[in-house]
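Here is the structure we will look at.
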Amino acid sequence: MGLKPMFLGESRHFFGLPAVILFAVTHFGIPFLQFKTGLPIRICWLLAGGFGVSAPLLVASLLFYNLEAGPSGFEPFLERFRLETVTFGDLLWHLAA
0 MGLKPMFLGE
10 SRHFFGLPAV
20 ILFAVTHFGI
30 PFLQFKTGLP
40 IRICWLLAGG
50 FGVSAPLLVA
60 SLLFYNLEAG
70 PSGFEPFLER
80 FRLETVTFGD
90 LLWHLAA
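With numbering that gives the first Met the number 0, the residue at position 56 of the sequence shown is 55, and numbering never jumps.
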């Protein structure tokens, strides 16, 4: 499965928009959430980052995968998202970090 090169305009949409959202969440969303709830800032980061940044990116990636109209099935999905089986070496790197 070959990937087409991305133009600058596309790049701004796929990388610039998430960067602006991340900026807004970290500078405005987290302090607001902490002020309103009184939760520790680390918990506010997990909530705001997860729901404000990661969840929309996951939804967008699944939406664009469906719009590509590539081959359907689980194997092409794993290949397109470059998901592989976790090896023992991967686990060691994870634990070392």
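From the three backbone atoms N, C-alpha and C, an ideal C-beta is built for every residue, glycine too.
Check, Outcome
"Does the Cβ-Cβ distance between Gly51 and Gly28 come in under 7 Å?", "yes"
"Work out the CA separation of Pro55 and Leu62 for me, nearest whole Å.", "10 Å"
"Tell me the start and end of each unbroken beta strand (DSSP E) in the stretch 12-85 that is at least 3 residues and wholly inside, in chain order.", "none"
"If you draw a straight line from the C-alpha of Glu78 to the C-alpha of Ser60, how long is it?", "14 Å"
"By the 10 Å Cβ neighbour count, where 16 or more other Cβ atoms means buried, how is Ala47 classified, buried or exposed?", "buried"
"Would you mind working out which of Arg41, Phe80, Gly8 sits nearest Leu57, comparing C-alpha positions?", "Phe80"
"Evaluate Val24 with the Cβ neighbour count: other Cβ atoms within 10 Å of its Cβ, from every protein chain shown; 16 or more gives buried, anything less gives exposed.", "buried"
"Once the 5 residues before and after Met5 are set aside, which same chain residues still bring their CB inside 8 Å of it?", "Phe13"
"Can you tell me where the alpha helix (DSSP H) holding Ala95 begins and where it ends?", "87-95"
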